[in-house]
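In terms of the numbering used here, the sequence shown is residues 2 to 140. Let me begin by presenting the structure, written as structure tokens, before commenting on it.
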Amino acid sequence: MSYISLIRPRWSDMDVYGHVNHANLVTLLEEARIPLLFGDAVRAGLTELPKGIVVVKLAVHYRSPIVVSDQDIRVEISLKDLKHASFTLGYRVHDGPAEADKVAVTAETVLAPFDTSSERPRRLTEDERAFLEKGFADA
């Protein structure tokens, strides 16, 4: 299953060609995953996960441009891989809010929990792993 997030690109996200530029698209991916990894995680009692998650790897594949048109875009996020010290999220970004709208971008991020006090990566707890598995299974 996928976690669905609707994000509205801003006028300032455009490049000179009227498309959402790469750096701002990466920010939109981040905005799409924040409600789950921060908001829902806190509500589930996971206080350490939202304190530190770092992007280890990012891959973005463009199929067509996303044009800012005063409407939301649909971002479908799935859990592709879950390891003890990292997890991989897959993204399908539609050029509009509906599932039937064209997929304009696919992407993947490898994320790792990070202990900000020791400034080191850390392992996911069993509760965090269960939350991630459940969060995407219930989506």
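The beta-carbon is built from N, C-alpha and C at its ideal position, and this holds for glycine as well.
- For residue 101, the closest alpha carbon among the candidates 111, 77, 124 and 118 is that of 77.
- Closest in C-alpha terms to residue 138, from the list 32, 16 and 37, comes 37.
- Contact between residue 123 and residue 115 holds, since their C-beta atoms are separated by about 7 Å, short of 8 Å.
- Approximately 6 Å separates the beta-carbon atoms of residue 8 and residue 73; this is inside 8 Å, confirming the contact.
- Between residue 61 and residue 108, the C-beta spacing is below 7 Å.
- When the alpha-carbon of residue 52 is set against those of 58, 39 and 59, the nearest one is in 39.
- For residue 77, no alpha helix (DSSP H) encloses it; the enclosing beta strand (DSSP E) starts and ends at 74-83.
- Annotated three-state conformation of residue 136 is helix, per DSSP.
- The residue from 112, 104 and 27 with its alpha-carbon nearest to that of residue 80 is 112.
- Residue environment: residue 82 is assigned as exposed (fewer than 16 neighbouring CB atoms within 10 Å of its CB, all protein chains considered).
- Within the same chain, Cβ atoms closer than 6 Å to the Cβ of residue 110 are found at 56, 59 and 90, the five residues on either side in sequence being excluded.
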